[in-house]
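Visitor: One structure, as structure tokens, below. Some questions next.
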Amino acid sequence: MSESTTYTGFWQESPRPGILGWLLSTDHKRIGIMYLTCIISLFIVGAILGLAIRLELIAPGETIMGAQTYNATFTVHGIIMIFMFLIPSIPAAFGNLLLPIQIGARDVSFPKLNLLSWYCYIVGAILAIIAIFSGGGAPDTGWTFYVPFSTQTTTNVNLAAFAAFMLGFSSILTGINFVTTIHRLRCEGMTWGRLPLFVWTLYATAWIQVLATPMIGITLVLVILERVFGAGLFDAARGGDPILFQHLFWIYSHPAVYIMILPGMGVISEIIPTFARKPLFGYWAMAFSSLGIAFAGSLVWAHHMYASGMSDFAVLIFSFLTFIVAIPSAIKVFNWISTLYKGSIEMAPPMLYALAFIFNFAIGGLGGLALGAAASDIHLHDTYFVVGHFHYVMFGGGGFALFAAMHYWLPKFTGRMYNHKVAVIGWALLFVGFNVTYMTMQAVGVAGMPRRYYDYLPEFTTLNQVATAGSWVMGLGLLIMFVNLWRGMCSGRRVGKNPWGATTLEWEVPSPPPLENFGEEDPVVTKGPYNFKGVVADEY
Amino acid sequence: MSEETHVPVPYRTFILIWVALLILTGITVAVSRVDVGALNIWVALGVASIKSSLVIFFFMHLKQESILFKIGLLTMLVILAIFVGMTFLDILYR
Amino acid sequence: MSIEHRDDTGARFGMWLFLYTEVILFSGLFILYAMALAKYPAEFSDASHKLNIYFGSINTLVLLTSSLTIALAVSAIQMGRIKQTLILCWITIALALVFLINKYFEWSAEISHGIYPGSEQLAEMGPGITTFFNLYYFTAGLHGLHVFIGGTLIGVVAVMTAKGKVTSDRYTLLENSALYWHLVDLVWIFLFPLYYLLYH
Amino acid sequence: MNPLTNPTAQAVDEVLIYIFGFSLILLLGITAVTIYFVIRYRRSKNPEPTSDVAHSFWLEAVWTLLPTIIVLTMFWYGWVNYVGLREVPEGALEVKATARMWSWQFEYPDGRRDNKLTVPVGTPVKVTLVSVDVLHSFFAPAFRIKRDMVPGMETYVWFTATEAGTYDIFCTEYCGLGHSDMITTIEALNEEEYAEWSKPAAPSGEPRGLIVINEQGCTGCHSLDGSEGIAPSLFQLAGQTRRIVVNGQTKEITVDEDYLKRAIRDPESEMVEGYDPMMPPYDSATVSDADLQAVIDYLLDKETEPAGPDAKQLLEENGCLGCHSNDGSIIVGPSFKGIGQRQVTVERDGKKVTLQVDAAYLRRALLDPNGEIVEGFAPMMPAADYLPEADIDTLVEHLLQQTGD
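Chains as they are written, first to last, in my numbering: chain A, 266 to 805; chain B, 20 to 113; chain C, 1281 to 1480; chain D, 589 to 993.
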């Protein structure tokens, strides 16, 4: 690729020069890069807050912050990580970068709407940050905004809830765009059976974004109205029902878990075939299990509420349905592992992250079984076991999938490769630190430590100290990973079209891809997405 | 990527639908004056569903749209029914 | 080399998806309504009597008619009758205004009776009636907001039609605004019997 | 997690062990197979894939069906044992637990209140759960029981302590600032200790006068708390003046022992103005002279009035100490130390006012705490308006005596 040392693809080609060329760009890749930048920045903020939470818990009693600060810290950590990092992470950042290229399109169906969606995201994020520093102080409700506490606290819940509303609106617009794009803009020959699995998972995710997100919108609006007008729709003294809030909240927020994890599964389904040089095992099972998870995921919200005072009959039904959702997830794990069978496996950094994903997700999923069963959930609910469990799924799953995607696709979009040895060191520290931290949290939860405690009884001290030490290893791993990726992007070795020997359409265009992706002629697809015959990896 | 162009719907059809909607509105009001117990709310919802079907299929041209639009609407309605119905599992048995 | 990419069906499909999100948005309030109705059937019936059925019925007629006019406007633009399209659009907007003015008088009357969210008079009527009116104000308020947005949207499209930017072979904008307007009508079709016509 | 012998813990632990056991086997299996494949088929050894099988109906059917069966057994086991947690055995002792920000109060059947849950070993206990402000949750890890406490709703848990000891109770539903301090204990006592613990409350019980009043059904017409009824209230009679009608003449008298005697033995001779003559006379066959004296003593608030709970106990029982310290440190609200002679700056209707703490201020602060907020503190104190007037007086008096140092 010597002739292209100055080639920079979409990074330079733009109707407008400079910063406006980015802020007013409707190019899906530029919007994707803007999302990625914001998401990673907010992730770093959230991670620092997370480390502060762990540091506070290094010993019983007050160590580095008081109770109010602690409550605000875990609330802001939750709001940032859920609404501003995980939900938009893979769908909005990598979905935007990849979806059109992978289906052979030049852009999404509604490029202007796509930009608007990014602005909604930014406005939401800015409002949330203003909420921390203004009014009655940073919100202290937890990211769940449970009533009646959220309607009574004097902290700045109104603005934070409105910020979450804006972020939800951004998510809806992205969802609408993706569903339409996948239906309307597939190139010639790109049948449903030839869609890369990442696209399938984005498709399932986009439907959840469209059909579930409005529910959190109206719920948060009602919390604001409750605070402003004192309406009492969730206030038992005025005829309301506080448990109904939890229903409305989880009707969205449980499917939201799948918004966070499904695209991650899609990423893993792309990476594993590439580094095993084998087609993904059970393509249709994988495709349909994504749709199955998306659908069944909207049937199980009340499994967050077994101890809430909900009816026992509802516990019965929701517990049953919860176990049904476990099955498509299990199928995915088995299919990924079967893909490895008799493959030609290369342990490149993306593959390491992908395998770590499977391990972490398996632990998270299996821990979910104990939470899905009614009797055992009664003990584990609202303890640190839950905190450990959802970090296994969200961070060990969604987060690791994002890191896998960054190691896999950033060379494509920057045209440069990072240092592999350093990447492996970062991965190892992250993986070990992660498991030490969250496995210990699960243990301390089984022992009975409730969540959202800034102070705890002395009997929980040892395990908390181990978890805190683990968080430092994890922090170091993250630091090494980010620095390595950054240096790779700025000054790494240049790569050609297809450094990994992968098969989907994005690897057939130059790195980085040009504006409108495919030059003069639209691509024509003639084979399935994971046909490795004759595909050779470029040297780098 | 097929482009479906619609034949314009004649004014007459729309006006007929409008008359039907007005008649159905009258029926809703009339039925609400008769006491049939818990059935009232179901009759009201039933008539409202018929009215909305007319609006969706004719005014909103769903009749002319491809199967994709219809499946999409069905999906949304199924999810909606799940949200409402399964919340009742708690409220009615508490 | 920006390519002119046009996909009218895609645009309509996107609009439908957006309408689904609107339906789910309203459904949050309808879920609360259903649960409260199951809990306080008699109180809801009493509260329903306090609403003015004439205001409700007139607004129903107004919205159904506006739905007709905007549907006719779409047919008109398809047939290239720009002038008729414009007239129909303006009638729709006028009906939207009638609806909002009607709503204004209805709400003023109720508020003057001390019935509004958070009022003490409402609290004295007991939890069932309080819940009914809270839901009524929030649902009708959200609906009113949609009437306003829909009317504005149609106004913008009408201006664009007058300027020749919306034409007989490029009318997706009008079609999508009409879809949005029909949604406003659909919500009201359910809102009307559930709030105004509840008898036991 | 020590092995526990109490029934609820056993029910939950069985399920936990079953699920964790299966999960461990599955996790080890998945991990072992993955590691084996990664090593066996590494690219240096296996440069090209040696199989291109992309699906297998039977294999996929097996690993769909097998997990389905396994998870359904988990579901069923979990549900059956959950039902056990919900069905309270007969003969359970009933205790009412009230949660407020951020304290616990347990009310026993004999009316006594405490901030710890004291139970006998071997007897099932049903705890009825209510909350007066926001969501809380009752969690006793040793018994594996948990239930949210929802305002406006009654929930419950049950457990049986099989071994004497002290067990933690946590609040597990986030409830704000003092959430992690909302901890108390279950004191499981063996038979003798429990009998000893429950003794003092039983005999002291109610004063004789009150028992007579209740037995005779006086409260059917006369309230004891000052509320108006079809007859004058019996609340705080001593020293009050009443306008009475004697033989058509209205005169004002002071309520005293003699008047009360006449009013009970021969009510129609002197009627309180504004009430109808409908009270039956109570002769000495119905109410003995001794009982009459007891009633009058009770009504006039003489010695037999059981000593009200002392102020320190009230502060503890009602969770005041969760936010207000006795030693001058700031927990959430201002400390009680020196409060009796303190000058405070409060915000009232948006205006700052500096005032000297006095009885009236303390009363306002207890009954309408958020009407005047001390500068630098958040308006979050729940009103103590559920306490009887006498307790409020006790508290105000006690607080005024806190002169610091």
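Glycine residues also receive a C-beta, built at the ideal position from the N, C-alpha and C atoms.
Please read these numbers as outputs of a predicted model, since none were measured by experiment.
Which same chain residues end up closer than 8 Å to G793 (chain A) when comparing Cβ atoms and leaving out the 5 residues on each side of it in sequence?
Guide: G458, R459, P544, Y548
Visitor: Name, please, each residue of chain B whose Cβ falls closer than 7 Å to the Cβ of A567 (chain A).
Guide: D109
Visitor: Assign P739 (chain D) to one of three DSSP states: helix, strand, or coil.
Guide: strand
Visitor: Against chain B, which members of the region 419-450 of chain A pass a CB distance test of less than 9 Å?
Guide: From the region 419-450 of chain A, only V444, H448, R449, L450 have a Cβ closer than 9 Å to chain B.
Visitor: Pull up the CB-CB distance for L750 (chain A) and Y683 (chain A), whole angstroms please, since I reckon it's below 8 Å.
Guide: 5 Å
Visitor: Using a Cβ-Cβ cut-off of less than 9 Å, list which residues of the region 501-514 of chain A approach chain C; keep chain order.
Guide: A501, A502, R503, G504, G505, D506, L509, H512, L513
Visitor: Measuring alpha carbon to alpha carbon, tell me which residue in A:T338, A:G691, A:M616, A:E773 is nearest G761 (chain A).
Guide: A:E773
Visitor: Rounded to a whole number of angstroms, what is the C-alpha to C-alpha distance between A851 (chain D) and G814 (chain D)?
Guide: 18 Å
Visitor: What residue range does the alpha helix (DSSP H) around V598 (chain A) cover?
Guide: 577-605
Visitor: Can you list, in chain order, the residues of the region 626-642 of chain A whose Cβ is nearer than 8 Å to any Cβ on chain D?
Guide: A627, I628, L631, G632, L634, A635, G637, A638, A639, A640, S641, D642
Visitor: Following the continuous beta strand (DSSP E) through T829 (chain D), name the residue where it begins and the one where it ends.
Guide: Looking at the DSSP string, the run of the beta strand (DSSP E) that includes T829 (chain D) is 829-834.
Visitor: Spatial neighbours of L1478 (chain C) within its chain, please: CB distance less than 6 Å, with the 5 preceding and 5 following residues excluded, ordered by chain position.
Guide: F1324, S1325, S1328
Visitor: Who are the near neighbours of S584 (chain A) in its chain, counting only those whose CB is closer than 7 Å to its CB and skipping five residues on each side?
Guide: Correct list, in chain order: H568, G637, A638, A639.
Visitor: Alpha carbon to alpha carbon, how far is R701 (chain D) from V671 (chain D)? Give it in angstroms, no decimals.
Guide: 30 Å
Visitor: Is the Cβ of W1296 (chain C) closer than 8 Å to any Cβ of chain B?
Guide: yes
Visitor: Would you check if the region 273-286 of chain A and the region 330-337 of chain A touch, i.e. whether three or more CB-CB distances between them fall below 8 Å?
Guide: In short, these stretches do not touch, since the Cβ pair count stays below three.
Visitor: Mind listing the chain B neighbours of I1311 (chain C)? Cutoff is C-beta to C-beta under 8 Å, in chain order.
Guide: Those within 8 Å of I1311 (chain C) in chain B are F102, V103, T106.
Visitor: If you measure from the beta carbon of S279 (chain A) to each beta carbon in chain D, is any gap under 8 Å?
Guide: no
Visitor: Grouping DSSP H, G and I as helix and E and B as strand, with all else coil, what is S719 (chain D)?
Guide: It is a strand residue.
Visitor: Going by the DSSP bridge assignment, what does D803 (chain A) pair with across the sheet?
Guide: DSSP, once it has assigned bridges, lists no residue as partnering D803 (chain A).
Visitor: Report all residues from its chain with a CB closer than 8 Å to the CB of E1400 (chain C); omit the five preceding and five following residues, and keep chain order.
Guide: In chain order, G1394 place their CB closer than 8 Å to the CB of E1400 (chain C), counting only its own chain and leaving out the 5 sequence neighbours on each side.
Visitor: Note down the Cα distance separating A469 (chain A) from R542 (chain A), rounded to an integer number of angstroms.
Guide: 26 Å
Visitor: Give, in chain order, every unbroken run of the alpha helix (DSSP H) that is at least 4 residues long and sits entirely within the region 349-435 of chain A.
Guide: 361-367, 376-398, 414-417
Visitor: Taking buried to mean at least 16 other C-beta atoms within 10 Å of its own C-beta, is N958 (chain D) buried or exposed?
Guide: exposed
Visitor: Helix, strand or coil: how does DSSP classify M682 (chain A) here?
Guide: strand
Visitor: Quick one: residues in its chain with C-beta nearer than 7 Å to the C-beta of G326 (chain A), no 5 flanking neighbours on either side, listed in chain order?
Guide: D720
Visitor: Could you check the C-alpha separation between W646 (chain D) and P538 (chain A) for me, to the nearest Å?
Guide: 21 Å
Visitor: Check whether the Cβ of L87 (chain B) lies closer than 8 Å to any Cβ atom in chain A.
Guide: Answer yes: the Cβ-Cβ gap between L87 (chain B) and chain A drops below 8 Å somewhere.
Visitor: Could you give the uninterrupted runs of the beta strand (DSSP E) lying entirely in the region 862-939 of chain D, keeping only those of 3 residues or more?
Guide: With a minimum length of 3 residues, the continuous beta strand (DSSP E) runs that stay inside the region 862-939 of chain D are 931-936.
Visitor: Just to confirm, is the Cβ distance from T1365 (chain C) to I1371 (chain C) under 8 Å?
Guide: no
Visitor: Quick one: which chain B residues come within Cβ less than 8 Å of I582 (chain A)?
Guide: Going along chain B in sequence order, the residues near I582 (chain A) (Cβ under 8 Å) are M105, L108.
Visitor: Identify which residue in A:I366, A:M739, A:I305 has its Cα closest to the Cα of P775 (chain A).
Guide: A:I366
Visitor: F375 (chain A) versus chain C: which residues are under 9 Å apart at the beta carbon?
Guide: Under the 9 Å cutoff, chain C gives G1290, A1291, G1294.
Visitor: Please compile the residues from chain B whose C-beta is within a distance smaller than 9 Å of the C-beta of S563 (chain A).
Guide: I98, I101, F102
Visitor: Quick one: what's T772 (chain D) bridged to in DSSP?
Guide: D:I757
Visitor: Quick check on F699 (chain A): buried or exposed, where buried means 16 or more other Cβ atoms within 10 Å of its Cβ?
Guide: buried
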